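Residue numbers (this note's numbering): 17 to 234.
Where a beta carbon is used, it is the ideal one built from N, C-alpha and C, also for glycine.
Bear in mind the structure is a predicted one, so any value in this text is a computation, not a measurement.
A short write-up of the structure that comes next.
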Amino acid sequence: HENRIVMERYARGHDQHSLLNPVSIAKAVMSTLLGMPLDEDRINGLDGTVGMPVSDYLAVKLREPLGMEAKALWALNRKGGSEKAFCCLSATARDFARFGKLMRDGGRWDNRQIVPPAWAARNSFPGIEAPDHHTHQQLWWVPPGEADHPARRGDFYAYSHNGQYLCVNPEARLVIVKFSETQHQDPVPMFRAIADAVVLPQHLPEIERLDAPLLAAR
Numbered sequence: 017h018e019n020r021i022v023m024e025r026y027a028r029g030h031d032q033h034s035l036l037n038p039v040s041i042a043k044a045v046m047s048t049l050l051g052m053p054l055d056e057d058r059i060n061g062l063d064g065t066v067g068m069p070v071s072d073y074l075a076v077k078l079r080e081p082l083g084m085e086a087k088a089l090w091a092l093n094r095k096g097g098s099e100k101a102f103c104c105l106s107a108t109a110r111d112f113a114r115f116g117k118l119m120r121d122g123g124r125w126d127n128r129q130i131v132p133p134a135w136a137a138r139n140s141f142p143g144i145e146a147p148d149h150h151t152h153q154q155l156w157w158v159p160p161g162e163a164d165h166p167a168r169r170g171d172f173y174a175y176s177h178n179g180q181y182l183c184v185n186p187e188a189r190l191v192i193v194k195f196s197e198t199q200h201q202d203p204v205p206m207f208r209a210i211a212d213a214v215v216l217p218q219h220l221p222e223i224e225r226l227d228a229p230l231l232a233a234r
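As structure tokens, then:
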């Protein structure tokens, strides 16, 4: 929330340093990387456009500016091949949270515009119709909003199988990262309940809170 970690828990031997693979959430990262050269009207396959492998471009455009803690690993489609743009980007939970914070703040980090603002803003716009009245926009999911509720409008999320999500709520100033191996479930009731608790703190349940900085940008 804001620039602080309010709660952080791990299981099965993982900790804040573990590289985790949320599979399809990589699509949202790839969409963001594509938005950068597109804004300059120059793209013909990302590798050829930017003159380097996608993983190197990720390091230059996101990992270094955001001060990410660990070097992310992106699986290749074959030995010596290209990164799997649709999946398989492994990074720490905190670094995925940093990416979510960047998207929450309209592509800005430490008063610097990292992602073109128009591209970042489109993530929360209703797009292609999907099940449960959700829409799909730039490889992010957009749930139906509630205009009269401050914590239930303008939110969006990246989704992967096994109940893994990166949820972004600009109104509540909130980012939620969830890695798991559970059956599919609609994440919206869960992350909107958390957003309600943040906006209306009197409803926050008694939990062990961690008030630690999310490593302010350099």
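Option in the options with minimal Cα separation from residue i
i      : options                           : result
Ala107 : Lys194, Val158 and Ile210         : Lys194
Ala174 : Thr48, Arg20 and His17            : Thr48
Glu197 : Arg208, Asn185, Asn178 and Asp212 : Asn178
Ala88  : Leu36, Gly29 and Pro203           : Leu36
Asp212 : Arg168, Trp125 and Pro186         : Arg168
Met52  : Asp72, Ile130 and Ala113          : Ile130
Arg138 : Pro186, Gly96, Phe112 and Arg114  : Pro186
Asp202 : Val191, Ile210 and Tyr181         : Tyr181
Asp72  : Lys95, Arg94 and Met46            : Met46
Ala86  : His33, Gly161, Arg114 and Arg25   : His33
Leu74  : Gly96, Arg94 and Leu50            : Leu50
Ala128 : Lys77, Arg94 and Gln153           : It should be pointed out that residue 128 corresponds to Arg in this sequence rather than to Ala. Considering only alpha carbons, the answer is Lys77.
Phe112 : Met84, Lys95 and Gly96            : Met84
Sequence-distant residues of the same chain with beta carbon closer than 8 Å to residue i, five excluded per side
i      : result
Gly189 : Per the sequence shown, the amino acid found at residue 189 is Arg instead of Gly. Cβ neighbours of Arg189 beyond the five flanking positions: His17, Glu18, Arg120 and Val214.
Ser98  : Asp63, Pro69, Val70 and Leu92
Asp227 : Caution applies to Asp227, whose pLDDT of 48 falls short of 50 and renders its modelled position unreliable; the model cannot decide the point.
Ala42  : Trp90, Lys100, Ala101, Phe102, Cys103, Cys104 and Leu105
Ile210 : Leu190 and Ile192
Glu224 : Model confidence at Glu224 stands at a pLDDT of 44, short of 50, so the residue's coordinates are unreliable and nothing is read from them.
Gln153 : Arg138, Asn139, Ser140, Phe141, Pro142, Gly143, Ile144 and Phe172
Gly67  : none
Ala27  : none
Environment of residue i [buried if 16+ CB atoms lie within 10 Å]
i      : result
Pro133 : exposed
Pro221 : Any reading at Pro221 needs caution, since the residue's pLDDT is 49, under 50, leaving its predicted position unreliable; the model's value is listed next. Exposed, by the Cβ-count rule.
Arg208 : buried
Ile144 : exposed
Arg79  : buried
Sequence-distant residues of the same chain with beta carbon closer than 6 Å to residue i, five excluded per side
i      : result
Ala44  : Leu155, Trp156 and Ala174
Glu204 : For the record, residue 204 in the displayed sequence is Val; it is not Glu. Excluding sequence neighbours, Val204 sits near Pro159.
His150 : Trp157 and Pro159
Beta-carbon proximity list for residue i, same chain, < 7 Å, skipping 5 on both sides
i      : result
Ala136 : Met119, Gly122 and Gly123
Ile116 : Looking at the sequence provided, one finds Gly at residue 116 rather than Ile. Closer than 7 Å at the Cβ level, and outside the excluded window around Gly116, lie Leu182, Val184, Val191 and Val193.
Gly170 : Ser140, Gly161, Pro186 and Glu187
Lys95  : none
Gly29  : none
Met206 : none
Asp31  : none
Any non-hydrogen atom of the ligand MN within 7 Å of residue i CB
i      : result
Ser140 : The ligand MN is not part of the structure shown, which contains no ligands of any sort.
Anticipated Cβ contact below 8 Å, residue i with residue j, distance rounded
i      : j     : result
Arg114 : Leu82 : 5 Å
Ser237 : Ser40 : Nothing about residue 237 can be reported from this structure: the residues present for the chain run from 17 to 234 only.
8 Å Cβ cutoff, residue i in contact with chain B
i     : result
Leu74 : This model lacks chain B altogether, as it is built from one protein chain only.
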